[in-house]
Amino acid sequence: ESLKAVWHGQKLDFFKSAHVGSLAPNPEVIQLDGQKRLRILDFARGKRPLILNFGSCTCPPFMARLRSFQRLAAHFVDIADFLLVYIEEAHPSDGWVSSDAAYNIPKHQCLQDRLRAAQLMREGAPDCPLAVDTMDNASSAAYGAYFERLYIIQEEKVMYQGGRGPEGYKISELRSWLDQYKT
């Protein structure tokens, strides 16, 4: 299972359409009510940067840094917009299980499964906008987001692309970019 998961992430990264300097992909995401569908760029306001944070509750590095991301969002809320995107589970209980995962969540079989899992994330980051990826994993594929990944979009262009998680998932790089942008 671990090799399949790693290969899946490598494949998504290789075939992603998001690249620094290119137009940002704009796949559909779903609000937590399960009814309203929006596109990722709908969360951007004007010329403000839109910070995208892709992840899931079964990814220990992602969950360990969720509070840090929330503090960053609160600190820069005056100059940037933030969106958490809940994607497929990094370590589902019926797949590549991580003993460090805080939650025991199986692979999502339907949208309701993903929405329920995302509600758990909402509890950990109540002040940050949160949407879920579609069941065909369109946003994860477009952004090469599996296991977790960070992006900055501005004026519909990819300005920053974080490395693939867990090693390349660095909130500190977002902070540096936003500090520079603010000055």
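Be aware that the sequence shown starts at 18, since it is given in this note's numbering, and climbs by one per residue.
Built from N, CA and C at the ideal position, the CB exists for glycine as well.
For D98, there is no enclosing alpha helix (DSSP H); the residue is found in the beta strand (DSSP E) stretching over 98-103. In the same chain as R166, and ignoring 5 residues on each side of it, the C-beta atoms closer than 7 Å to its own belong to F71, Y160, G179, R181, G182, Y186, in chain order. Runs of the beta strand (DSSP E) lying entirely within the region 18-94 and spanning at least 3 residues, in chain order: 45-48, 54-56, 67-72.
Considering only R54, I68, K21, V94, the residue with the shortest C-alpha distance to E173 is I68.
Looking at D117, F99, P123, the one whose alpha-carbon comes closest to that of S110 is P123.
Collapsing the DSSP output to three states places A158 in a helix. Distances from the CA of L40 to each of Q171, L191, W194 were compared; the closest alpha carbon is that of Q171. For the 7 Å CB-CB criterion, V102 and H108 do not form a contact.
Three or more Cβ pairs closer than 8 Å define a contact, and the region 42-57 meets that threshold against the region 149-159. Your pair P66 and A97 checks out as a contact, with CB atoms roughly 4 Å apart and the cut at 8 Å.
Membership of A134 in the alpha helix (DSSP H) is indicated by the continuous run 128-141. With 16 or more neighbouring CB atoms inside 10 Å of its own CB, C74 falls in the buried class. Looking at the backbone, the Cα of R62 and that of L100 are separated by about 12 Å. According to the DSSP secondary-structure assignment, D150 is paired through a beta bridge with V46.
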